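Student: Numbering of the sequence shown is given in the working numbering, commencing with residue 168 and proceeding in unit increments.
Ideal Cβ placement from N, Cα and C applies to all residues, glycine included.
The structure presented is a predicted model; accordingly, all values stated were derived computationally and were not measured.
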Amino acid sequence: MRQHKLALCKDHYLEWVPEQVERFIKKYEMFTREEKILVAVSGGKDSLALWDILTRLGYQADGMYIGLGIDGGIGYSDESHRLTEEFARKHNLKLHVVDMAQEYGLPIPVLAEVSHRGKGKPCAVCGLAKRHEMNRIARDLGYDVLVTGHNLDDEAAVLFGNTLIWEGEYLLRQGPVLPARDGLARKVKPLCRFYEREMAAYSIARGIEYIYEECPFAEGSQSIYYKELLNQLETARPGAKLTFYLRFLEARKNGNLFVEKSAAAAHLHACPKCGQPTSTDDFCSFCRLIEKTTVSAGGLPGERGN
Ligand code: SF4
């Protein structure tokens with residue numbers, strides 16, 4: 168790990184990673200051992216490694232998997248579901264599964280196509296559905312905190328993209344902890360200071376079986392392009408990604424971001440249909456999406472009555 172000027176053997180690496188996670192949980196006051204934690208698990212290396220680490224550290228962490236219904240010629244969703252179930256079974260952990268096709272009658276690619284959103288890519292619809300479902304399950308099942316496996320590469324790429332266009336509202340909201348407010352569960356990212364390759368190394372060294380393939384829709388995405396640019400920078404200047412992210416957090420904490428604070432304070436109220444928080448005057452974006460899609464498709468099966 169050139170950025171830390173540190174080299175460890177396998178055994179010490181497997182001790183070092185959880186120690187660092189524990190340090191970040193405390194430093195950013197993410198959660199305590201008394202709180203109920205819901206980990207969003209996708210079957211990828213980061214989320215499975217995170218679930219593994221939290222349970223080894225003695226936290227009460229249950230998992231949640233969202234079946235997106237994405238095939239892409241590689242059975243992507245089926246395989247990631249299988250690996251997640253397998254991990255939960257092997258470690259005797261509780262896993263909640265929400266399947267978009269069963270729950271709403273709409274797998275993500277169909278939802279994106281029928282709603283005509285995303286210009287051929289379902290990512291915007293997918294992100295909206297995942298955020299909605301994660302918050303719904305956390306709220307309905309009484310979890311104190313929602314935990315995701317975003318790593319430093321993810322966070323640096325988002326930060327880079329938002330900085331390029333000075334996206335003030337998003338910059339103010341980015342960080343290791345997003346506090347609970349107006350019906351939105353607290354969201355935290357304990358892996359936000361780990362490089363992607365560090366988490367891959369952890370998963371391999373720990374023997375975690377995860378899905379190697381990226382989602383087929385990730386190809387050619389803006390975030391992958393930003394990650395590649397940042398990797399070039401990292402190769403020339405080891406530690407550049409970490410410095411970029413940590414200096415941003417420092418500037419935000421000290422009030423040194425040159426963006427308007429009022430943008431982040433949009434008022435939220437409960438959606439009349441699902442009860443989840445929304446800043447729009449009407450139904451939330453997710454309920455409008457489902458309603459519009461169901462109407463255009465002439466009433467698809469699985470419509471929920473909430
Ligand atoms: Fe969803 Fe797009 Fe990510 Fe695939 S790449 S999981 S479609 S957001």
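Are there 16 or more other CB atoms within 10 angstroms of the CB of W218, so buried, or fewer, so exposed?
Tutor: With 16 or more Cβ atoms within 10 Å of its Cβ, W218 is classed as buried.
Student: Of all the options E322, A347, L351 and V184, which has the alpha carbon lying nearest to the alpha carbon of L338?
Tutor: Here the closest residue by C-alpha is E322.
Student: Should G234 and R306 be called a contact, given that it needs their Cβ atoms to be closer than 8 Å?
Tutor: It is not a contact, given that the beta carbons lie outside the stated cut-off.
Student: Go ahead and pull the three-state DSSP assignment for E470.
Tutor: Here the model assigns E470 a pLDDT of 44, short of 50, so the residue's position is not dependable, and the following value carries that caveat. If DSSP states are grouped into helix, strand and coil, E470 belongs with coil.
Student: Beta carbon of P289: closer than 7 Å to some heavy atom of ligand 1?
Tutor: P289: yes, Cβ under 7 Å from ligand 1.
Student: Give me the Cα-Cα distance between A385 and I391, rounded to the nearest whole angstrom.
Tutor: Approximately 8 Å, taken between the alpha carbons.
Student: Measure the Cβ-Cβ separation of K408 and E417 and say whether it is below 8 Å.
Tutor: No.
Student: For M197, report the span of its alpha helix (DSSP H) as first-last.
Tutor: Note, M197: premise wrong, no alpha helix (DSSP H); not H, not E.
Student: Which two residues bound the contiguous alpha helix (DSSP H) that contains Q389?
Tutor: Q389 to A403 is the span of the alpha helix (DSSP H), which, as asked, contains Q389.
Student: Can you tell which of Q187, K194 and G225 has the C-alpha that lies nearest to the C-alpha of E202?
Tutor: Considering only alpha carbons, the answer is G225.
Student: Quick one: residues in its chain with C-beta nearer than 6 Å to the C-beta of P274, no 5 flanking neighbours on either side, listed in chain order?
Tutor: Closer than 6 Å at the Cβ level, and outside the excluded window around P274, lie G236, M267 and A268.
Student: Is the region 292-306 touching the region 322-333, taking contact as three or more C-beta pairs under 8 Å?
Tutor: With a cut-off of 8 Å, the region 322-333 and the region 292-306 do not count as touching, because too few Cβ pairs lie within range.
Student: Thinking C-beta only, is L319 closer than 8 Å to Y195?
Tutor: No, the Cβ-Cβ distance between Y195 and L319 is not below 8 Å.
Student: Beta-carbon separation of E376 and I241 under 8 Å?
Tutor: It is not a contact, given that the beta carbons lie outside the stated cut-off.
Student: Taking the alpha carbon of R455 as the reference point, which residue from K394, A347 and R284 has its own alpha carbon closest?
Tutor: It is R284.
Student: Just to confirm, is the Cβ distance from T315 to K354 under 8 Å?
Tutor: Their beta carbons are under 8 Å apart, which means T315 touches K354 by this criterion.
Student: Should T445 go down as buried or exposed, given a rule of 16 or more other Cβ atoms within 10 Å for buried?
Tutor: T445 is buried by the Cβ-count criterion.
Student: Go ahead and pull the three-state DSSP assignment for Y180.
Tutor: Of the three classes helix, strand and coil, the one that applies to Y180 here is helix, per DSSP.
Student: Quick one: give me the first and last residue of the alpha helix (DSSP H) that Q269 is part of.
Tutor: Start and end: M267 to Y271.
Student: Taking contact to mean 3 or more Cβ pairs, one atom from each stretch, closer than 8 Å, check whether the region 204-223 and the region 435-451 are in contact.
Tutor: No, because fewer than three Cβ pairs between the region 204-223 and the region 435-451 fall closer than 8 Å, the two stretches do not touch.
Student: If you draw a straight line from the alpha carbon of K394 to that of A367, how long is it in whole angstroms?
Tutor: Each residue's alpha carbon lies about 16 Å from the other.
Student: Secondary structure at Y362, three-state DSSP: helix, strand or coil?
Tutor: Here Y362 sits in coil by DSSP.
Student: Could you give the C-beta distance for L250 and I378, rounded to a whole number, given that I count them as a contact under 8 Å?
Tutor: At roughly 6 Å, the Cβ-Cβ gap stays under 8 Å, so L250 and I378 are in contact.
Student: From the DSSP secondary-structure annotation, give me the bridge partner or partners of V312.
Tutor: I204 and R353.
Student: Which residue from V277, A372, N421 and E300 puts its Cα closest to that of W183?
Tutor: Looking at the Cα atoms, A372 is the closest of the given residues.
Student: Return the chain-ordered list of same chain residues with a C-beta closer than 7 Å to the C-beta of M301, the five sequence neighbours on each side being excluded.
Tutor: Counting only Cβ-Cβ distances below 7 Å, and skipping sequence neighbours, we find A207, M231 and L313.
Student: Can you say whether N473 is buried or exposed, counting buried as having 16 or more other CB atoms within 10 angstroms of its CB?
Tutor: Confidence at N473 is low in this model, with a pLDDT of 34, below 50, so the placement of that residue is unreliable and no value is reported for it.
Student: Taking F453 as the reference, which of G374, Y271, A403 and G328 has the closest Cα?
Tutor: Cα-wise, what sits closest to F453 is Y271.
Student: Do G342 and R419 have their C-beta atoms closer together than 8 Å?
Tutor: The answer is yes: Cβ separation under 8 Å.
Student: Return helix, strand or coil for R348, following the three-state DSSP convention.
Tutor: It is a strand residue.
Student: Is it the case that the Cβ atoms of P405 and Q170 are separated by a distance below 8 Å?
Tutor: Against a cut-off of 8 Å, the Cβ pair of Q170 and P405 comes out as a contact.
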